[in-house]
Amino acid sequence: MFHALANPARFLRLMAVIRPWAAGVAIVGLAAGLGWGLLYSPPDYQQGETVRIMYIHVPAAWMGMFIYAAMAVASATALIWRHPVAELVAKASAPVGAVFTLICLLTGALWGKPMWGAWWVWDARLTSMLILFFIYLGYMALWEAFDDPARAGRAAAILALVGAVNLPIIKFSVDWWNTMHQPASVLTLAGPKIHPDILWPLLITALGAKGYYVWLLTLRVRAEILSRQARILRFAAATDRRAD
Amino acid sequence: MYWASLGDFLAMGGHAAYIWPAFAIALAVLLGLALLSRIRLKTAEREHAEARREAGRDGTPDEVRP
């Protein structure tokens, strides 16, 4: 399976099969989860209706971290086994992860203002999430900084791996430091601490967001593979002409 | 349904100014990236087809043949 997927043609066929399903999960999951959160879920006894921002904010934060983890694993795979598709999966993931992290930061500000009285505070959770956003931007910039895709890929993969130390810092920032941000309430050792009426729409939205990521991956990895093949073809054609 | 009326729903308990922009930004950004990704794919497909024509063969480079 793993080696089979190193073949771009086979990988593209698999992506083509997955694409409509992923798009379906994205559209149904996001519409159902956000619709439920907006229309049927109860307000919070302290935060009132602003708690509905959570249905975007929390899945976006999860996706920002999940996609980064996926990118780090794909980068390690590319570095260790020279897996050509893994490298492109990592590259194609970065903008999606960056966008979810941006949504998390922006919706966090819109939630912070009415509840904390500030759009932004330099607290451990918020700051480590902002750093995640900057690492995504740095990763994307590094890909563009080299003419040779092999060198760019290597440099970007190393950055992705080094940046992965930020993930546990984000997750445990609310335990390690005193922060404004509330502690974990879904992914805890004791299980979720929130009511099912809130948990369900949250999980369904998160599933829709996963579908969105996979859907965009099927588009973006295909684009990466085709441009790389176009480059190889041009190079081969130029070499042929020189040979004639 | 949690809401008594449409007006109630739109007012969001007085926090409409924070809640609706949060949903709007998320939707706009997700749609925008999906659109950009589609455009990027179309560009790559065009590039690939051109490179294939220029190369004057069936287009699949040997190294990617299954």
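Going down the list, the sequences are from chains E and H.
Each residue of the first sequence is one higher than the one before, counting from 1 in this note's numbering.
Each residue of the second sequence is one higher than the one before, counting from 1 in this note's numbering.
All C-beta atoms, glycine included, are put in the ideal place defined by N, C-alpha and C.
Report the rounded CA-to-CA distance for Pro201 of chain E versus Ala6 of chain E, giving the unit in angstroms.
For the purposes of this step, residue 201 of chain E is taken as residue 201 along the first sequence, with counting starting at 1. For the purposes of this step, residue 6 of chain E is taken as residue 6 along the first sequence, with counting starting at 1. Taking the straight line joining both Cα atoms gives about 37 Å.
Proximity test, Cβ basis, 8 Å: Ala101 of chain E and chain H:
For the purposes of this step, residue 101 of chain E is identified with residue 101 of the first sequence, where counting begins at 1. At residue 101 of chain E the sequence reads Thr, which differs from the Ala that was named. Closer than 8 Å: no.
Who are the near neighbours of Ala32 of chain E in its chain, counting only those whose CB is closer than 6 Å to its CB and skipping five residues on each side?
To locate residue 32 of chain E, count along the first sequence from 1; it is residue 32. A distance below 6 Å between beta-carbons, with the five flanking residues on each side excluded, links Ala32 of chain E to the following residues of its chain, in chain order: Ile204.
Which residues in chain H have a C-beta closer than 9 Å to the C-beta of Arg222 of chain E? List them in chain order.
On the first sequence, position 222 is the one that residue 222 of chain E refers to. Neighbours of Arg222 of chain E in chain H, taken as residues at a C-beta separation under 9 Å, are given in chain order as Leu41, Ala44 and Glu45.
Could you tell me the distance, in whole angstroms, from the CA atom of Ser75 of chain E to the CA atom of Ala92 of chain E?
Sequence index remark: in the first sequence, residue 75 of chain E carries index 75 (1-based). Sequence index remark: in the first sequence, residue 92 of chain E carries index 92 (1-based). Going by the C-alpha atoms only, they are around 12 Å apart.
Looking at the C-beta of Trp143 of chain E, does it have a partner C-beta in chain H at a distance below 8 Å?
Taking the first sequence and counting its residues from 1, one reaches residue 143 of chain E at position 143. Not an interface residue.
Who are the Cβ neighbours of Ile194 of chain E in its own chain at under 6 Å, not counting the five residues just before and after it?
Position 194 of the first sequence holds residue 194 of chain E. Contacts found: Ser185.
Between Gly59 of chain H and Arg52 of chain H, what straight-line distance do the alpha-carbon atoms span, to the nearest angstrom?
Numbered from its first residue, the second sequence carries residue 59 of chain H at position 59. Numbered from its first residue, the second sequence carries residue 52 of chain H at position 52. Annotation note: pLDDT 49 at Gly59 of chain H (below 50); position unreliable, coordinate value reported separately. Cα-Cα distance, rounded: 5 Å.
Residue closest to Gly208 of chain E, alpha-carbon to alpha-carbon, out of E:Met15, E:Phe235 and E:Ala23
Counting from 1 along the first sequence, the entry for residue 208 of chain E is found at position 208. Out of E:Met15, E:Phe235 and E:Ala23, E:Ala23 has the C-alpha closest to the C-alpha of Gly208 of chain E.
Proximal residues to Val51 of chain E (C-beta, below 8 Å), its chain only, five neighbours per side dropped:
Along the first sequence, one-based indexing puts residue 51 of chain E at 51. If we look at Val51 of chain E and ignore the five residues flanking it on each side, its Cβ neighbours are Pro43, Asp44 and Ile198.
Could you name the residues of chain A that Leu6 of chain H contacts, counting a contact when the two beta carbons are closer than 8 Å?
Within the model displayed, chain A is absent; protein chains E and H are what it includes.
Is there a Cβ from chain H that is less than 8 Å from the Cβ of Ser227 of chain E?
Residue numbering aside, residue 227 of chain E sits at position 227 when the first sequence is read from its first letter. Yes, its Cβ sits closer than 8 Å to a Cβ of chain H.
Among E:Val96, E:Val174, E:Leu217 and E:Trp21, the one whose alpha carbon lies nearest that of Met65 of chain E:
For the purposes of this step, residue 65 of chain E is identified with residue 65 of the first sequence, where counting begins at 1. With distances taken between Cα atoms, Met65 of chain E lies closest to E:Val96.
Name the residues in the segment 43-77 of chain E whose C-beta lies less than 8 Å from a C-beta of chain H; which are they?
Here the close residues are Pro43, Gly48, Glu49, Thr50, Arg52, Ile53, Ile56, His57 and Ala60.
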